[in-house]
Structure formats: C-alpha cells, structure tokens
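Everything on this sheet refers to the single structure shown next.
Numbering (my numbering), first residue to last: 247 to 332.
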C-alpha cells in the first residue's frame, strides 16, 4: 500500500477515537506499513497538523518504547540538520 492509498483510507474512514486509532495503527504496522505511513494515516484521519500527528501517533500503544525512542532519535537528528542549514 502506498502513501496515497493510506491517506485515502484515512480520509474515507470516520475520525477514529484513540483506542480505535491505536488498533488501526497497530494493524497497519503489523501489515508492514512504515512509521511514516502510520503517521500519515493519523494526520489525515484526525485532520491535524504534522506535529500533532507525530505526537499522537507516538502516544499510541501500537509502538514499543524502543521504537518510539528510535523514531524520536531520527526525528531529532533530522531537526538538527535543518538547524545547521540556517
């Protein structure tokens, strides 16, 4: 499933409550969808900003603490790269 298909599914679904969203994200993750695909689903299903979607996705119990820490490490590294370009 590509990112556009993920977004389409998210937009055609009703906005999910937190438990439903967590279950859906776990389902996507277990089917091989990357964190970014899961993040895109959250953003489009909830109609929220990218920062809100990142934070909400990381709050869900679909990811282990190790996975959350790893993602945050990559995110922080990327943000540092942007700061260095200024």
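Idealized CB from N, CA, C, for every residue including glycine.
Is the beta carbon of residue 303 less than 8 Å from the beta carbon of residue 285? Going by beta carbons, residue 303 and residue 285 fall inside the 8 Å limit.
With distances taken from CA atoms, which of 306, 289, 305 is nearest residue 299? Distance from the Cα of residue 299 is smallest, within the candidate group 306, 289, 305, for 289.
What would DSSP say about residue 279, mapped onto helix, strand or coil? Of the three classes helix, strand and coil, the one that applies to residue 279 here is coil, per DSSP.
Around the C-beta of residue 322, are 16 or more other C-beta atoms found within 10 angstroms, so that it is buried, or is it exposed? Residue burial annotation: residue 322 is exposed, with fewer than 16 other C-beta atoms found within 10 angstroms of its C-beta.
N-terminal and C-terminal residue of the alpha helix (DSSP H) that residue 255 is part of: Where residue 255 is concerned, the enclosing alpha helix (DSSP H) starts and stops at 249 to 258.
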